[in-house]
Amino acid sequence: MISGNIVLNLVLAAVLVGGLISYFVLSRRYALRRVRDYTGGEIPETMDLGVIFYGYSSDEGRLKPRKGAILATSESLVFVSLEIRPEIVEIPWKHLAGWLPVGEFRGRPLNNKILVLRITGDIGVSRDAGFALPRPEFWTSLMNIAIKSEKKD
């Protein structure tokens with residue numbers, strides 16, 4: 009005969025596993041809905057979920073990293089935050105001066121998926137933005153193409 013504690017533990021484990029699965033499924037749906045809202049109903053081919061934005065090098069203090077999605081439009085690289093307070097960071101291709109992989113950004117030790125994007129504004133002042141990207145090779149090749157095409161114009 010199975011004791012009540014074993015049955016209770018099995019039920020709690022099943023509820024926990026079901027809750028974790030539904031959390032990940034719903035968070036992905038929420039992310040896609042937020043991207044659809046930004047793009048006007050379509051999901052672009054050049055998009056990644058699970059991106060972390062660490063902020064700008066010029067920001068004061070130590071900001072909380074923001075999770076979201078990154079997508080490439082014809083005019084800019086866009087980060088759409090998926091947290092409670094929606095935030096959209098747009099980096100026009102013409103302002104993207106370069107990128108480099110780093111091991112640390114703003115005092116945070118990071119892995120090899122972190123890229124720092126060098127952004128030059130309209131007045132020539134540059135600052136860096138830190139991103140953790142799931143597919144850094146894809147995004148670096150895309151940024152190289154965009155930087156080269158902007159220099160030709």
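Start counting the sequence shown at 9; every next residue gets the next number (the numbering used here).
We put the beta carbon where it would ideally sit given N, CA and C, even for glycine.
Extent of the continuous beta strand (DSSP E) to which residue i belongs
i, result
"residue 76", "74-80"
"residue 83", "Residue 83 -> no beta strand (DSSP E), and no H or E assigned at all."
"residue 135", "134-140"
"residue 98", "96-100"
Where residue i sits in the DSSP three-state scheme
i, result
"residue 14", "helix"
"residue 89", "strand"
"residue 126", "strand"
"residue 106", "strand"
"residue 63", "strand"
"residue 48", "coil"
Inter-residue spacing [alpha-carbon to alpha-carbon] between residue i and residue j
i, j, result
"residue 142", "residue 16", "39 Å"
"residue 86", "residue 152", "16 Å"
"residue 61", "residue 10", "50 Å"
"residue 45", "residue 147", "23 Å"
"residue 144", "residue 37", "23 Å"
"residue 82", "residue 23", "44 Å"
"residue 156", "residue 102", "10 Å"
"residue 74", "residue 43", "15 Å"
"residue 56", "residue 40", "10 Å"
"residue 80", "residue 30", "28 Å"
"residue 14", "residue 94", "43 Å"
"residue 72", "residue 18", "37 Å"
"residue 54", "residue 127", "20 Å"
"residue 88", "residue 12", "47 Å"
"residue 28", "residue 20", "12 Å"
Supposed close pair residue i, residue j - CB separation, criterion 8 Å
i, j, result
"residue 136", "residue 150", "About 18 Å; that fails the 8 Å criterion."
"residue 90", "residue 107", "Their Cβ separation, rounded to whole angstroms, is 23 Å, which puts residue 90 and residue 107 out of contact at 8 Å."
"residue 78", "residue 139", "7 Å"
"residue 105", "residue 134", "6 Å"
Neighbour flag for residue i against chain C, beta carbons, 7 Å
i, result
"residue 29", "No chain C appears in this structure, which consists of one protein chain only."
> How about the segment 43-51 and the segment 59-66: do they share at least three Cβ pairs that are nearer than 8 Å?
Replying inline: no
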